[in-house]
Amino acid sequence: MRKGPGERDLALLRLLQDNAREPVSSLARKLGVSRTAVQERINRLARDGIIEGFTVRIGCEWSAGRITAIVSLVVDPKYSPDVIRALEKMPAIASLWTVSGRNDLMAMARAGSTAEIDQVLDEVGSQRGVTRTESSIILSTKFDRR
3 MRKGPGERDL ALLRLLQDNA REPVSSLARK LGVSRTAVQE RINRLARDGI
53 IEGFTVRIGC EWSAGRITAI VSLVVDPKYS PDVIRALEKM PAIASLWTVS
103 GRNDLMAMAR AGSTAEIDQV LDEVGSQRGV TRTESSIILS TKFDRR
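First residue of the sequence shown? That's 3 in this note's numbering, and the numbers climb one at a time after it.
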């Protein structure tokens, strides 16, 4: 049975989530451990699959001109793999999750205008096996811990 991250690892993960580019020496100071210990922890967390990668978060200024919609989908179970493959090929679909409850999938769609998001939503809804969709447009972000 794989052991999860310890208390120090969780503290390191929180710091990395705030700023993945923070120098290891600064992380070490904040955690009260050596630079080598922090680097070894990062390497182990990555090797164990706890850290999947380091990424760039798009700033609010750039994304402010983009439309984001959360789309709930009800899908006929026999078509679910086909729907997932089709949505994965759509560049406007940024994320896709399976969920519990009355919906089967939730997608995050992004586009440059309301006309574009309308086209994306039409394309999502027209996929074979999609029986119902419901969309919500994101108006603003109050906070984002990603």
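In this text, a Cβ means the ideal position worked out from N, Cα and C, and glycines have one as well.
Residue closest to residue i, alpha-carbon to alpha-carbon, out of the options
i    : options             : result
A117 : R68, R16, G51, L29  : R68
L107 : M92, A94, E136      : E136
L15  : T38, E90, S27, A48  : A48
D120 : A94, L18, L17, G103 : A94
R10  : G34, W99, E24, S27  : G34
Q82  : I72, D20, V101, E54 : Note on residue identity: the sequence assigns Ser, not Gln, to residue 82. Ranking the options by Cα distance to S82, first place goes to V101.
G51  : D124, P7, T143, P25 : P7
L141 : D20, A71, E90, V85  : A71
C-beta atoms of residue i and residue j nearer than 8 Å
i    : j    : result
V122 : A113 : yes
N151 : L75  : The chain is shown from 3 up to 148; residue 151 falls before or after that span and cannot be answered.
A96  : A111 : yes
V73  : T133 : no
A22  : A30  : no
L17  : K32  : yes
Burial state of residue i (16 or more Cβ within 10 Å)
i    : result
M3   : Residue confidence is low: M3 scores 45 on pLDDT, short of 50, so the model does not pin down where it sits. No coordinate-derived value is stated.
L12  : exposed
L139 : The displayed chain sequence assigns Ile, not Leu, to residue 139. When all chains shown are included, I139 counts as exposed.
D146 : exposed
R43  : buried
G103 : exposed
Per DSSP, the bridge partner or partners of residue i
i    : result
I139 : A71
L107 : L75, T100
V132 : V77
I95  : A111
Where the beta strand (DSSP E) through residue i begins and ends
i   : result
S36 : That residue, S36, is in no beta strand (DSSP E); it is neither H nor E in DSSP.
Terminal residues of the alpha helix (DSSP H) in which residue i lies
i    : result
D50  : It is not in any alpha helix (DSSP H) - D50 carries neither H nor E in the DSSP assignment.
G127 : 116 to 127
Cβ-heavy atom distance, residue i to the ligand HEM, below 7 Å
i    : result
D106 : By its list of ligands, the structure shown contains no ligand whatsoever, and the ligand HEM lies outside what it can speak to.
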